[in-house]
Amino acid sequence: GAVVSQHPSRVICKSGTSVKIECRSLDFQATTMFWYRQFPKQSLMLMATSNEGSKATYEQGVEKDKFLINHASLTLSTLTVTSAHPEDSSFYICSATHPGQGAHEQYFGPGTRLTVT
Amino acid sequence: AQRVTQPEKLLSVFKGAPVELKCNYSYSGSPELFWYVQYSRQRLQLLLRHISRESIKGFTADLNKGETSFHLKKPFAQEEDSAMYYCAPHNYGQNFVFGPGTRLSVLP
Numbered sequence: 159g160a161v162v163s164q165h166p167s168r169v170i171c172k173s174g175t176s177v178k179i180e181c182r183s184l185d186f187q188a189t190t191m192f193w194y195r196q197f198p199k200q201s202l203m204l205m206a207t208s209n210e211g212s213k214a215t216y217e218q219g220v221e222k223d224k225f226l227i228n229h230a231s232l233t234l235s236t237l238t239v240t241s242a243h244p245e246d247s248s249f250y251i252c253s254a255t256h257p258g259q260g261a262h263e264q265y266f267g268p269g270t271r272l273t274v275t
Numbered sequence: 018a019q020r021v022t023q024p025e026k027l028l029s030v031f032k033g034a035p036v037e038l039k040c041n042y043s044y045s046g047s048p049e050l051f052w053y054v055q056y057s058r059q060r061l062q063l064l065l066r067h068i069s070r071e072s073i074k075g076f077t078a079d080l081n082k083g084e085t086s087f088h089l090k091k092p093f094a095q096e097e098d099s100a101m102y103y104c105a106p107h108n109y110g111q112n113f114v115f116g117p118g119t120r121l122s123v124l125p
């Protein structure tokens, strides 16, 4: 149980376009989902915390107008990178906490590799 | 401010040797302590959490509140233990912060 999926697994887009990444909890309802960014050989950096039905909470330095997060249902959160630039190229990972497992443990998606050309 | 340090970016040991991955944290309150692991081409997954006091894949972690450390240990490393390991303390209601990670390489 507690499986999180992401789609797509990798995407290449042109500079200036927008790209949407989906994060789904497959077998549980996730009231809270998290979006991370991971650069090569570096740790995960939390970008935002997404709660179902409310606005996401962004970390300092993360542009909310550039990284649009929507958590419209208990099993789906989306991250849209708007007007993408090459410096947005990165590995984006989502996670969710399972309400039955306590609020601490996170279940991670496989990640989405974004390449902006 | 929450701060997690893992002093070794890379740790190489030979198969069968003991291994210790260090983690020190600076947090207010009494955080729950976690170790996450990321094997090559796999997603990040929970390895163990302090509160459960389980030994997972032969790994254990001892919480030292005085030193605010939560080092991960295994007496006999195996090649399949080669992975990235992240220490992650967490206070309920606060943001998740992952340590910088230690890449463990177990040599044959």
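Protein sequence lines, in the order shown, are assigned to chains Y and S.
With the first letter of the first sequence counted as 1, position 66 gets the number 224 in the working numbering; the numbers rise by one all the way through.
With the first letter of the second sequence counted as 1, position 17 gets the number 34 in the working numbering; the numbers rise by one all the way through.
Glycine residues also receive a C-beta, built at the ideal position from the N, C-alpha and C atoms.
Fill in: Cβ-Cβ separation, residue 103 of chain S to residue 201 of chain Y (assumed contact under 8 Å), whole Å
6 Å
Practice prompt. Please report the Cβ distance between residue 38 of chain S and residue 121 of chain S, rounded to the nearest whole angstrom; I am assuming they are in contact, meaning their Cβ atoms lie under 8 Å.
Written response: 7 Å
Worksheet item: Is the beta carbon of residue 48 of chain S sitting closer than 8 Å to the one on residue 108 of chain S?
Response: yes
Worksheet item: Who are the neighbours of residue 62 of chain S on chain Y, taking C-beta pairs under 9 Å?
Response: 265, 266
Discussion item. Just to check my reading of the structure: residue 264 of chain Y and residue 232 of chain Y have Cβ atoms closer than 8 Å, yes? What is that Cβ distance to the nearest angstrom?
Written reply: Actually they are not in contact, since the Cβ atoms of residue 264 of chain Y and residue 232 of chain Y sit about 16 Å apart, beyond 8 Å.
Worksheet item: Can you tell me the Cα-Cα spacing of residue 251 of chain Y and residue 235 of chain Y, whole angstroms?
Response: 12 Å
Worksheet item: Which chain S residues sit within Cβ distance under 7 Å of residue 202 of chain Y?
Response: 115
Fill in: Alpha-carbon spacing of residue 230 of chain Y relative to residue 72 of chain S, whole angstroms
38 Å
Worksheet item: Beta carbon of residue 120 of chain S: closer than 7 Å to some heavy atom of the ligand MN?
Response: Absence of the ligand MN from the depicted structure is noted, as is the absence of any ligand whatsoever, leaving it without description.
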